[in-house]
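Chemist: Just passing along the structure, written as structure tokens.
There are 2 protein chains.
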Amino acid sequence: MNPKNEFATDPLLTDMYQITMAYAYWKSGRHEDQAVFDLFFRKCPFGGEFTIFAGLSQAIELVKNFRFNPAQIGYLRQLLPQADPEFFNWLSQVDCSKIKIYALREGSLAFPRVPLLRVEGPLAIAQLLETGLLNLVNFATLMTTNAARFRLAAGPDKSLLEFGLRRAQGPDGAMSASRYSYLGGFDATSNVLAGQVFGIPMKGTHAHAFVQSFTGFDDIKNPMLKTADGECSKNFVDWVKKAQKVVMEKLELSSTNVGELAAFTAYAMAFPNGFLALVDTYDTLQSGVPNFLAVALALKHLGYDPVGIRLDSGDLAYLSKEARKMFASFADFLEKKMIICASNDIDEQTLWSLRQQGHEIDVFGVGTHLVTCKAQPALGGVYKLVEVNGRPRIKLSQDAVKTTLPGRKDAYRLYGEDDSPILDLLVLAGEDAPQAGQPVLCLDPFDGHKRVRVTPKTLEKLHQCFWDVSETFENVGEPLQSLFEQRNHAKQSLEQLREDHKRPLNPTPYKVSVSQKLYDYLQELWSAEAPIPELK
Amino acid sequence: MNPKNEFATDPLLTDMYQITMAYAYWKSGRHEDQAVFDLFFRKCPFGGEFTIFAGLSQAIELVKNFRFNPAQIGYLRQLLPQADPEFFNWLSQVDCSKIKIYALREGSLAFPRVPLLRVEGPLAIAQLLETGLLNLVNFATLMTTNAARFRLAAGPDKSLLEFGLRRAQGPDGAMSASRYSYLGGFDATSNVLAGQVFGIPMKGTHAHAFVQSFTGFDDIKNPMLKTADGECSKNFVDWVKKAQKVVMEKLELSSTNVGELAAFTAYAMAFPNGFLALVDTYDTLQSGVPNFLAVALALKHLGYDPVGIRLDSGDLAYLSKEARKMFASFADFLEKKMIICASNDIDEQTLWSLRQQGHEIDVFGVGTHLVTCKAQPALGGVYKLVEVNGRPRIKLSQDAVKTTLPGRKDAYRLYGEDDSPILDLLVLAGEDAPQAGQPVLCLDPFDGHKRVRVTPKTLEKLHQCFWDVSETFENVGEPLQSLFEQRNHAKQSLEQLREDHKRPLNPTPYKVSVSQKLYDYLQELWSAEAPIPELK
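Structure (structure tokens):
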């Protein structure tokens, strides 16, 4: 049984005002009114023009377990001592059997104002879900999108490792970071618990402390190592010393740090098949790489293949190229290509810049900037009421783009001749669906003068029902996909998107439009609800 | 039994390389070597000159529970299939009974390079703790410091509420944010689970959705409300309608949004003693505040005291002042002062700016910027080996400030005549302690020419032992304090610190110095370990 974060499915992981609102709905007899909420964001993160949706599996987990136990009810009673006791009887019966959830597939491309989730059901219960759903979807989506951007910046052929556990925002911040980095296109994590819980591949070697802890060969109690074929044991320390002489001579060096050499030797003896050394504890090119080479040659001598080095400071482009040159001098001995791994406060910009400069790095380890989403640490996802008992509802704002799109809506993605998405179209539920090969009029939701006609080659209905137990008391929604399937879906979706939407600088905005009917509906509601300011 | 985040005390919540290093130490027979690690940071966050240490209670919880169960051992075996099986026997016996932890008190002022934690014990076990301790201390300390900065910016008399759950980095990111915001000086949270688990006061009212969900008085099924003295029921809806006429006439308005008025009425009927209305769903001054006043006057008529309003958009300084003027017109009816609460993407800078402009806000609700620490989303705390078997160890760096201070060290805070701290002094353990009233020579650790002599009025030894079960198999360390005590300690510590260290712009750096002996020690070790670059 894997460990859990019980917080993630606790119905009290919510804002106090959800409870007070639920009470006020109940008190005015409206708690069973049929409501529709949209969960969406208004702007893609990181200055980009795409987002990858994630967090659905965790959201469904929350919904599945959404029940208040007696201890929770007891705590809420304390918080609301003057509330009618009957309310708590109702609350203790609440579950999500009358809730339906429509959503994008996890790992799908998502764009502003297209609902990630549409939640339908009794007003008070759908309201109670708001904070938990936002908490689970906001960070997951942000993190996945961030990882996908790192992947675009690094290029498809590099390995990307998530190394952020120590700098992440708490234990679960770290677990989410590992999970959604993988979904967004990373290859592995250093977080062992994420490996166990989510099945993500693991990577890790050693830290500076290991190197520092050795002062010389005296720290190695037993110098013997079996050869790779297992046939005999050899004095590995002696072989390292011999190899070191060869290396020093060839590189014209007089000394390296002997504690470091001993540390590498000890590490290689523990992992003769996976020797990857951190080379910057004392001095990368004067000590670290030469010491690595000495141990690598000794390993080769015993029949093992050394793996490579990790750079953790300095000018990564320069050091990787210099290290590659040093490896080239020993190519005859090493035979295989050595891996160069780099990790030092790497952000998306650094990856683009390294690509421009040219570098010899094969693997990037990324921590802080990835897991905290430093470039933009929150996605502004919101959860807005769009319909009650079949009546559309609207949230106005002096700022037009903050006005919500009212009513229960369907969304379609329209694809062009080259099979890449052209735009997303929102229509009122019940409207005739747009058809492939037929022209469709698409309007900007807030400016009817901005309109285009699109004849899609194909189209995709974006929302599927992922939670519905209303008939059978069993979820008849679409099954959730595995993390690995979600990751593939994200990769394929991103590949389909046109390059100009993905470029880091001034990407082309991706259009989200509305049908004429939805546009008219919005205008009508706005006229009815917006107060006319009085000029005096 | 409160719910838990089991991730937070799982020994697998660590970087893979801690496991591989532990194996390499074990393999070279060095796992029981006596090590000392310092956990510290190099720069105060947010461009400031102070930090508040937090995370100790969670760190001790981790240490207390640090044991690998068979499932965890099984998983690690899979990850390291070629490792010697004996290693896993050793690993399954590992616990922290031979570890000692010295630390600052939680809630203390902390400064660069002064260890937050000093961890002593067997090399491999102390190494295994690295990532978990960093994860727990880094974010807790960052978050607490961020909250303290918001408190300084808001001023001591304002209420500060943490509203960040929906934008926090996952469920536990949110729980940590609530906990450490409170430690850093916030008054309450909206996060109900944090209220239950940590005993933090709760706050919350209602959201836009509640207002939107009402279209008119028809949505209120029963218009009757008991008077405050409980003696009779009155038709509250009628009273609201009457009061509205009075308000509209006095404010010279012709209409407000009737759905909003109905929503406020329903909310007041649910919480007649705690009526606080969100007034910006349609238009703050044209609709929201007048509608609030209508309901507030009706409540007064039935003997209840309304509470106030919440602003969630627009120019908060202007709107709060205008709302206050409108309240003034009804001062005779309202009697008490109405609370004005504001919440809309508030950051530290906004709080300072509002103070300069003048405003009428009593309570600030702060979300995203607080809980994600948007201004700097990670603290660069590190965990460095400083001693093995009594031998000092050093981590060099071309960047001098990244060089570690070797050896087991004690730290003292020196206080001046006005009882505010002057500087922190690091000395080698075993050196004579500095004495109150006696001059002490204090050197910059990396530049011996920068030195000062201080004659402290008083001084404080900063580290206490919080974990030591070596003799009795019971923790004989200092007891941990409650969250409430930690919060008071943080408040008092911050009050003692001189204003110029705390100001937001160009604060005076707070000095962290070393003794002559530690300075010499560092120089000596540096000369011995640093490679001399070869000029060719």
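Chain order of the listed sequences is A and B.
In terms of numbering that gives the first Met the number 0, the first sequence has 244 at position 245, counting the first letter as 1, and numbering is strictly consecutive.
In terms of numbering that gives the first Met the number 0, the second sequence has 15 at position 16, counting the first letter as 1, and numbering is strictly consecutive.
Backbone N, C-alpha and C fix where the C-beta goes; we use that ideal spot for every residue, glycine too.
When you compare only the Cα positions, how much space is there between ARG165/B and TYR179/A?
Modeler: In the second sequence, the residue the question calls residue 165/B occupies position 166. In the first sequence, the residue the question calls residue 179/A occupies position 180. If I take the Cα positions, the gap works out to 18 Å.
Chemist: Name the residues in the segment 260–284 of chain A whose C-beta lies less than 7 Å from a C-beta of chain B; which are they?
Modeler: Listed by position, the residues of the segment 260–284 of chain A near chain B (Cβ gap below 7 Å) are ALA265, TYR266, MET268, ALA269, PHE270, ASN272, THR280, TYR281, ASP282.
Chemist: Do you know whose CA, among ALA193/A, ALA295/A, THR130/A, SER481/A, lies nearest GLU161/A's CA?
Modeler: Numbered from its first residue, the first sequence carries residue 161/A at position 162. Selected option, being the one with the closest Cα: ALA193/A.
Chemist: Going along the chain, which residues of the segment 164–180 of chain A sit with their C-beta nearer than 7 Å to a C-beta in chain B?
Modeler: So the list reads LEU164, ARG165, ARG166, ALA167, GLN168, GLY169, PRO170, ASP171, GLY172, ALA173, MET174, SER175, given in the order they occur along the chain.
Chemist: If distances are taken between C-alpha atoms only, which option among LEU404/A, TYR382/A, LEU384/A, LEU458/A comes closest to TYR411/A?
Modeler: Against the first sequence, residue 411/A aligns to sequence position 412. Checked all of LEU404/A, TYR382/A, LEU384/A, LEU458/A; the closest Cα to TYR411/A is LEU458/A.
Chemist: Taking 8 Å as the cut-off, decide whether the C-beta atoms of PHE65/A and ASP94/A are in contact.
Modeler: Sequence index remark: in the first sequence, residue 65/A carries index 66 (1-based). Sequence index remark: in the first sequence, residue 94/A carries index 95 (1-based). Yes, these two residues count as a Cβ contact at 8 Å.
Chemist: Can you tell me the Cα-Cα spacing of VAL35/B and ALA428/B, whole angstroms?
Modeler: Along the second sequence, read from residue 1 onward, the residue named residue 35/B stands at position 36. Along the second sequence, read from residue 1 onward, the residue named residue 428/B stands at position 429. Roughly 12 Å between the two C-alpha positions.
Chemist: For the segment 425–440 of chain A, enumerate the residues whose C-beta is nearer than 9 Å to any C-beta of chain B, in chain order.
Modeler: The segment 425–440 of chain A vs chain B, Cβ under 9 Å: nothing.
Chemist: Give a yes or no on whether 8 Å exceeds the smallest Cβ distance from ASP237/A to chain B.
Modeler: Against the first sequence, residue 237/A aligns to sequence position 238. No, its Cβ sits nowhere closer than 8 Å to a Cβ of chain B.
Chemist: For chain B, check one thing: does any of its Cβ atoms lie closer than 8 Å to the Cβ of ASN4/A?
Modeler: As a position in the first sequence, residue 4/A is number 5, starting the count at 1. Yes, ASN4/A counts as interfacial toward chain B.
Chemist: Which residues of chain A have a Cβ atom closer than 7 Å to the Cβ of HIS207/B, listed in chain order?
Modeler: Here residue 207/B corresponds to residue number 208 of the second sequence, with the count starting at 1. In chain order: LYS394.
Chemist: Is there at least one Cβ from chain B nearer than 8 Å to PRO155/A's Cβ?
Modeler: Sequence index remark: in the first sequence, residue 155/A carries index 156 (1-based). With 8 Å as the cut-off, PRO155/A does not count as an interface residue toward chain B.
Chemist: Quick check: is the beta carbon of GLN195/A nearer than 8 Å to any beta carbon in chain B?
Modeler: Numbered from 1 along the first sequence, position 196 holds the residue referred to as residue 195/A. Output row for GLN195/A: interface = yes.
Chemist: According to DSSP, PHE363/A sits in a beta bridge with which residue or residues?
Modeler: The count along the first sequence starts at 1 and reaches residue 363/A at position 364. Answer by DSSP bridge pairing, in chain order: LEU159/A, ALA341/A.
Chemist: Name the two residues that bound the continuous beta strand (DSSP E) containing PHE542/A.
Modeler: The shown model of chain A, from 0 to 535, leaves out residue 542/A, and the question about it has no answer.
Chemist: Taking only the alpha-carbon atoms, compute the straight-line gap between PHE274/A and LEU132/B and give it to the nearest angstrom.
Modeler: For the purposes of this step, residue 274/A is taken as the residue at position 275 of the first sequence. For the purposes of this step, residue 132/B is taken as the residue at position 133 of the second sequence. C-alpha separation (whole angstroms): 27 Å.
Chemist: Could you check where the alpha helix (DSSP H) with VAL475/B kicks off and where it finishes?
Modeler: For the purposes of this step, residue 475/B is taken as the residue at position 476 of the second sequence. Unbroken run through VAL475/B: none, as it is neither H nor E.
Chemist: Tell me whether the beta-carbon of LYS202/B lies closer than 8 Å to the beta-carbon of SER189/B.
Modeler: Reading the second sequence from its first residue, position 203 is the one you call residue 202/B. Reading the second sequence from its first residue, position 190 is the one you call residue 189/B. In this structure, SER189/B lies closer than 8 Å to LYS202/B by Cβ.
Chemist: Can you pull out the residues from the segment 12–41 of chain A whose beta carbon lies closer than 9 Å to at least one beta carbon of chain B?
Modeler: Cβ contacts with chain B come from LEU12, THR13, ASP14, MET15, TYR16, GLN17, ILE18, THR19, MET20, TYR22, ALA23, TYR24, TRP25, LYS26, SER27, GLY28, ARG29, ASP32, ALA34, PHE36.
Chemist: Please check if any C-beta of chain A sits within less than 8 Å of the C-beta of VAL191/B.
Modeler: Looking up residue 191/B in the second sequence gives position 192. It does; some Cβ of chain A falls within 8 Å.
Chemist: For the beta strand (DSSP E) containing ARG450/A, name the first residue and the last one.
Modeler: As a working note, residue 450/A is residue 451 in the first sequence. Start and end: 446–453.
Chemist: Considering only C-alpha positions, which residue in the set ASP418/A, GLN495/A, TRP466/A, ARG29/A is nearest to ILE59/A?
Modeler: Position 60 of the first sequence holds residue 59/A. Considering only alpha carbons, the answer is TRP466/A.
Chemist: Curious, which full-length beta strand (DSSP E) runs of at least 3 residues does the segment 182–239 of chain A contain?
Modeler: The segment 182–239 of chain A contains these whole beta strand (DSSP E) runs: 223–225, 232–234.
Chemist: VAL257/A by DSSP, collapsed to three states: which one?
Modeler: Start at 1 with the first residue of the first sequence, and residue 257/A comes out as number 258. The answer is helix: DSSP assigns VAL257/A an H, G or I state.
Chemist: What number of angstroms, rounded off, separates the C-alpha of ASN272/A from the C-alpha of VAL306/A?
Modeler: As a working note, residue 272/A is residue 273 in the first sequence. As a working note, residue 306/A is residue 307 in the first sequence. Answer to the nearest angstrom: the Cα atoms are 8 Å apart.
Chemist: Select from THR214/A, PHE138/A, VAL210/A the residue whose C-alpha is nearest the C-alpha of ALA291/A.
Modeler: Taking the first sequence and counting its residues from 1, one reaches residue 291/A at position 292. In the sequence under discussion, the amino acid at residue 291/A is Phe, which differs from the Ala named in the question. Selected option, being the one with the closest Cα: VAL210/A.
Chemist: Touching or not, the segment 257–272 of chain A and the segment 318–333 of chain A, by the rule of three or more beta carbon pairs under 8 Å?
Modeler: Touching, no, given that fewer than three Cβ pairs across the two stretches are closer than 8 Å.
Chemist: Which bits of chain A does THR214/B rub up against, with CB to CB less than 7 Å?
Modeler: Position 215 of the second sequence, counted from the start, is the residue given in the question as residue 214/B. The answer, in chain order, is ARG390.
Chemist: Please report the distance separating the alpha-carbon of TYR520/B from that of SER27/B.
Modeler: Counting from 1 along the second sequence, the entry for residue 520/B is found at position 521. Counting from 1 along the second sequence, the entry for residue 27/B is found at position 28. Between TYR520/B and SER27/B, the C-alpha separation is close to 29 Å.
Chemist: Compute the Euclidean distance between the alpha carbons of HIS368/A and LYS240/A, then round it to the nearest angstrom.
Modeler: Your numbering for residue 368/A matches position 369 in the first sequence. Your numbering for residue 240/A matches position 241 in the first sequence. Answer to the nearest angstrom: the Cα atoms are 40 Å apart.
Chemist: Assuming ASP331/A is part of the beta strand (DSSP E), what are its boundary residues?
Modeler: Position 332 of the first sequence, counted from the first residue, corresponds to residue 331/A. Looking at the DSSP string, ASP331/A is not in any beta strand (DSSP E); the run it does join, the alpha helix (DSSP H), is 330–333.
Chemist: Out of ASN388/A, GLY415/A, ASP423/A, which has the shortest C-alpha to C-alpha gap to ARG407/A?
Modeler: As a position in the first sequence, residue 407/A is number 408, starting the count at 1. If we check each option's Cα against that of ARG407/A, ASN388/A comes out closest.
Chemist: Compile a chain-ordered list of the residues in the segment 371–383 of chain B whose CB is closer than 9 Å to at least one CB of chain A.
Modeler: The residues in question are THR371, CYS372, LYS373, GLN375, PRO376, ALA377, LEU378, GLY379, GLY380, VAL381, TYR382, LYS383.
Chemist: Pick out whichever of THR403/A, ASP331/A, LYS516/A has its Cα sitting closest to the Cα of PRO433/A.
Modeler: The residue given as residue 433/A occupies position 434 in the first sequence. Measuring from the Cα of PRO433/A, the nearest candidate turns out to be LYS516/A.
Chemist: Please compile the residues from chain B whose C-beta is within a distance smaller than 8 Å of the C-beta of GLU528/A.
Modeler: Looking up residue 528/A in the first sequence gives position 529. Within 8 Å Cβ-Cβ: ASN256, GLY258, TYR281.
Chemist: Could you give the residue range of the beta strand (DSSP E) that holds GLY73/A?
Modeler: As a first step, residue 73/A is located in the first sequence; it is residue number 74 there, counting from the start. It is not in any beta strand (DSSP E) - GLY73/A instead sits in the alpha helix (DSSP H) that spans 69–78.
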